[in-house]
Amino acid sequence: MPNVTFESISCDFRHRSGHLVHALRDVSLEVPEGQMVCVVGRSGHGKTTLLRVLAGLQSPSAGQVMVGDRRVSKPGSDRAMVFQQDTVFPWMHVQDNVEFGLAANGVGRAERRKIADRWIKAVGLEEFADSWPRELSGGMRKRVALAAVLAVDADVWLMDEPFGSLDYFTRRTLHDFLLELWSTTNKTVFFVTHDIEEALILADRVLLVHEGRIVDDLHVPLTRPRDEDVRATPEAVELTKRILRHLGVEGGRPAGPINDRAEAVS
Amino acid sequence: MGAAVRTRFPGLALSLAGIAVGLGIWKLISLSMDDAVMPDPLATYRYIADNLFNSEYLVSKGFSDGNGYLPHLWYTTRNVLAGVAAGTVIGVALGLASLRLKVLREVTDSITAVFGTAPIFVAAPFFLIWFGIVSTAQILIVAFYTTLLMYVFSRRAGENVPAGYIESGLTFGADRWLIMRRIHLPGSVPELAGGFRIALAGAWGLAGIAELLGAQQGAGFLIKFFATAFVVEGMLAMIVLLGLIAIVVDQLVVVLMLYLTRWAESGRVN
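Protein chains in written order, with our numbering: chain A, 14 to 279; chain B, 48 to 317.
See the structure below:
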């Protein structure tokens, strides 16, 4: 599996109001294969743009992104994405949702069925293969989205706050589930979140994005599984404080006014 | 099951009550007018029963088949269904394709802007002049009207499909054709359903008018024939029958649309 390399990526938008927003500024980064990277930052500071550029959904204003020796120029199933919003197609049964990416890549019907069955089972939804998405809970629909990503055997999994809308218990269940899948497949994962606890549970590495720049690149040396006790160790507490400082939170309270980039970019 | 019947019952009861009120008003009007000018509902029903399958009156007036009103009703129904089907296919294909193809969008937008402002009833005589008084002209009139309507509806419906679905499809490696076929089209169906019913409802009137203007058969043609001969029962009979067929077809469309949008109903596991 290939490394992911960002080479001097900048990304500018013209906002409705007319002023130029620098969503990403000269971002350079190398992520080796199999790494679980969490991208953390305040709303509107470029986390999602970073992911969209890697997905090929957003063209950078300058620089290039490489996946192995291939330059990213458009979306592709080698970089499948789980979105923040619910993007499981409501007009397709669970089975067809999971088969969609395979069909898009020309996999034959019988082979599609076989692969989809395997991943639907892996996400624990074999009894719901013929269900409509509306018949599933939010957590189950996220598992469908995961199964669809797994089915296309993408080299890189892109996750844009995928569990943000779920309750705490479901989120924690899905964290364990994601880690289990990741450990067995050893894929490279980019996981965008604004939740520090989520980042500490999941990440090998935390990238802190602020005003379009990567302002810190933290290795997370905590042992797995990262339960409450692990997350309460001095190492974990120090990491949390460091992330909070970058997010503009000091002494347990936000320092300064709310940055208006969130309004400007999103 | 029981609950479903109970839930549907008030709606059904109100529909029947509405029909009863309509018949009552018709009866009251007929009481105040001469039978030859305004026959009552019962007389109209008897006239339909006597002439639907075999009409001695039509035979006496030189109609060769003698099969009553049915062939004429079928002729109109067939033209409506063929025109609406053709117009829907063309309108939806153009509407959804124009979402992705800017050149097509600019061409079709200007065409719909020009023809959309011209009342279709004004355009109808041109079709009859160009294509003659055969069924092709009537089908084309309905298809033209349906195309314009479904183009506008499909454009709007396509634009309303959440961008997240399209982007999700792209990240799975789907090409434009697959996205059109498996995301834009099914995602547009709930909104297209409304446009289709409006097009269908308008198509009955349009086909009838096209037949009034020039046709050798059809419900509109018979209405014109009865009007010339001052056979008011015949006119009313054709209007009632055409209305009933339109209602039955509309209800079949409702059932079909409920099936096609069954994924959109509310309800969850938990």
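For each residue, glycine too, the CB sits at the ideal point set by N, CA and C.
So, does the CB of residue i fall closer than 8 Å to a CB anywhere in chain B?
| i | result |
| --- | --- |
| Phe102 (chain A) | yes |
| Ser90 (chain A) | yes |
| Leu108 (chain A) | Going by the sequence as given, residue 108 (chain A) is Gln instead of Leu. Taking Cβ atoms only, chain B never reaches closer than 8 Å to Gln108 (chain A), which makes this a no. |
| Phe176 (chain A) | no |
| Arg147 (chain A) | yes |
| Phe204 (chain A) | no |
| Leu220 (chain A) | no |
| Asp273 (chain A) | Confidence at Asp273 (chain A) is low in this model, with a pLDDT of 48, below 50, so its placement is unreliable and no value can be given for it. |
| Gly31 (chain A) | no |
| Gly114 (chain A) | yes |
| Leu179 (chain A) | no |
| Gln71 (chain A) | no |
| Phe96 (chain A) | yes |
| Ala93 (chain A) | yes |
| Val165 (chain A) | yes |
| Ala68 (chain A) | yes |
| Ala117 (chain A) | yes |
To the nearest angstrom, report how far apart residue i and residue j are at their CA atoms.
| i | j | result |
| --- | --- | --- |
| Arg218 (chain A) | Phe219 (chain B) | 26 Å |
| Gln77 (chain A) | Thr18 (chain A) | 8 Å |
| Leu75 (chain B) | Ala60 (chain B) | 22 Å |
| Glu211 (chain A) | Leu146 (chain B) | 39 Å |
| Ala135 (chain A) | Met49 (chain A) | 20 Å |
| Phe26 (chain A) | Asp91 (chain A) | 26 Å |
| Phe182 (chain A) | His188 (chain A) | 10 Å |
| Ala275 (chain A) | Pro146 (chain A) | Confidence at Ala275 (chain A) is low in this model, with a pLDDT of 43, below 50, so its placement is unreliable and the value that follows should be read with caution. Between Ala275 (chain A) and Pro146 (chain A), the C-alpha separation is close to 31 Å. |
| Gly151 (chain A) | Ile72 (chain B) | 53 Å |
| Leu70 (chain B) | Leu291 (chain B) | 14 Å |
| Lys87 (chain A) | Cys51 (chain A) | 23 Å |
| Gly109 (chain B) | Ala144 (chain B) | 50 Å |
| Asp166 (chain A) | Arg55 (chain A) | 31 Å |
| Val250 (chain A) | Ile209 (chain A) | 11 Å |
| Leu179 (chain A) | Leu37 (chain A) | 28 Å |
| Gly119 (chain A) | Arg185 (chain A) | 35 Å |
| Asp229 (chain A) | Thr253 (chain A) | 13 Å |
| Ile214 (chain A) | Gly134 (chain B) | 56 Å |
| Thr62 (chain A) | Val199 (chain B) | 33 Å |
| Leu231 (chain A) | Asp99 (chain A) | 30 Å |
| Val295 (chain B) | Ala210 (chain B) | 37 Å |
| Leu217 (chain B) | Ala93 (chain A) | 9 Å |
| Gly58 (chain B) | Gly252 (chain B) | 27 Å |
| Val233 (chain A) | His207 (chain A) | 16 Å |
| Val136 (chain B) | Asp168 (chain A) | 40 Å |
I think residue i touches residue j, with their Cβ atoms under 8 Å apart; what is that distance to the nearest whole Å?
| i | j | result |
| --- | --- | --- |
| Gly11 (chain A) | Gly59 (chain A) | The structure shown does not extend to residue 11 (chain A), since chain A spans only 14 to 279, so no value can be given for it. |
| Leu289 (chain B) | Thr123 (chain B) | 7 Å |
| Ile133 (chain A) | Glu124 (chain A) | Actually they do not touch by this definition, with Cβ atoms about 15 Å apart. |
| Gly249 (chain B) | Met197 (chain B) | At roughly 11 Å, the Cβ-Cβ gap does not stay under 8 Å, so Gly249 (chain B) and Met197 (chain B) are not in contact. |
| Gly89 (chain A) | Gly69 (chain A) | 6 Å |
| Leu64 (chain A) | Asp173 (chain A) | 5 Å |
| Ala158 (chain A) | Phe113 (chain A) | That pair is no contact at about 11 Å. |
| Pro88 (chain B) | Gln264 (chain B) | Incorrect: roughly 27 Å between the Cβ atoms, too far for contact. |
| Asn101 (chain B) | Ile186 (chain B) | Not a contact, Cβ separation roughly 28 Å. |
I'd like to know if residue i contacts chain A, where contact means its C-beta is closer than 8 Å to some C-beta of that chain.
| i | result |
| --- | --- |
| Glu238 (chain B) | no |
| Trp224 (chain B) | no |
| Ser215 (chain B) | yes |
| Ala311 (chain B) | yes |
| Ile230 (chain B) | yes |
| Gly65 (chain B) | no |
| Tyr212 (chain B) | yes |
| Arg315 (chain B) | In this prediction, Arg315 (chain B) scores a pLDDT of 43, lower than 50, which makes its location untrustworthy; the coordinate-derived value is nonetheless stated afterwards. Yes, Arg315 (chain B) counts as interfacial toward chain A. |
| Ala266 (chain B) | no |
| Phe200 (chain B) | no |
| Pro233 (chain B) | yes |
| Gly220 (chain B) | yes |
Per DSSP, what are the beta-bridge partners of residue i in this structure?
| i | result |
| --- | --- |
| Ala93 (chain A) | A:Trp170 |
| Glu43 (chain A) | A:Thr18 |
| Ala75 (chain A) | A:Ser23 |
| Arg226 (chain A) | A:His223 |
| Arg125 (chain A) | BP columns for Arg125 (chain A) are empty, so no partner. |
| Gly54 (chain A) | A:Val222 |
| Arg255 (chain A) | Arg255 (chain A) pairs with nothing; no bridge assigned. |
| His232 (chain A) | A:Arg218 |
| Arg84 (chain A) | A:Met79 |
| Met49 (chain A) | A:Val202 |
| His35 (chain A) | A:Asp25 |
I want to verify the contact list: residues of chain E whose CB lies under 8 Å from the CB of residue i, in sequence order.
| i | result |
| --- | --- |
| Ala36 (chain A) | You won't find chain E in this structure, because its protein chains are A and B. |
> Which parts of the segment 96 to 151 of chain B are runs of the alpha helix (DSSP H), unbroken and 4 residues or longer, counting only runs that do not cross its ends?
Replying inline: Those alpha helix (DSSP H) runs which fall completely within the segment 96 to 151 of chain B and span 4+ residues are 103 to 107 and 117 to 147.
> What are the uninterrupted segments assigned as alpha helix (DSSP H) that are 4 or more residues long and contained completely in the segment 174 to 208 of chain B, given in chain order?
Replying inline: Here the runs fully enclosed are 182 to 207.
> What beta strand (DSSP E) runs, 3 residues minimum, are completely inside the segment 152 to 222 of chain A?
Replying inline: Counting only runs of 3 or more, we get 169 to 173 and 201 to 206.
> What are the start and end residues of each continuous alpha helix (DSSP H) run of 4 or more residues lying completely inside the segment 221 to 305 of chain B, in chain order?
Replying inline: Taken in chain order, the complete alpha helix (DSSP H) segments of 4 or more residues contained in the segment 221 to 305 of chain B are 223 to 226, 232 to 260 and 266 to 276.
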